[in-house]
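Below is one structure, written out as structure tokens; the observations come after it.
Numbering (the numbering used here), first residue to last: 46 to 125.
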């Protein structure tokens, strides 16, 4: 498990609060929030995050971002 920091849109904020608690989500600028959650480093976590589309951006850790991008690239390859 790894602590993952995410920039999340207000449109998905309540989903993160419901799942991870109010303390996991902090207000940022405009309609953005930062969520700090614990996730495993596996395809299920990547699938979970991908389900939010462009409403969630991983901020750190870098190693998790690299693995997530490889996961997404593998999915995109199916359509090339």
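Glycine included, C-beta positions come from ideal geometry on N, C-alpha and C. Quick caveat: nothing in here was measured; it's all calculated off a predicted structure.
- In the assembly as shown, residue 80 is a buried residue. Its beta-carbon has 16 or more other beta-carbons within 10 Å.
- By the 16-neighbour rule on beta-carbons within 10 angstroms, residue 90 is buried.
- By the Cβ rule, the region 65–74 does not count as touching the region 87–102, because fewer than three pairs are nearer than 8 Å.
- In the three-state reduction of the DSSP assignment, residue 99 falls in the helix class, which pools H, G and I.
- With a threshold of 16 other beta carbon atoms within 10 Å, residue 70 meets it and is buried.
- Between the C-alpha atoms of residue 118 and residue 72 there is a straight-line separation of about 31 Å.
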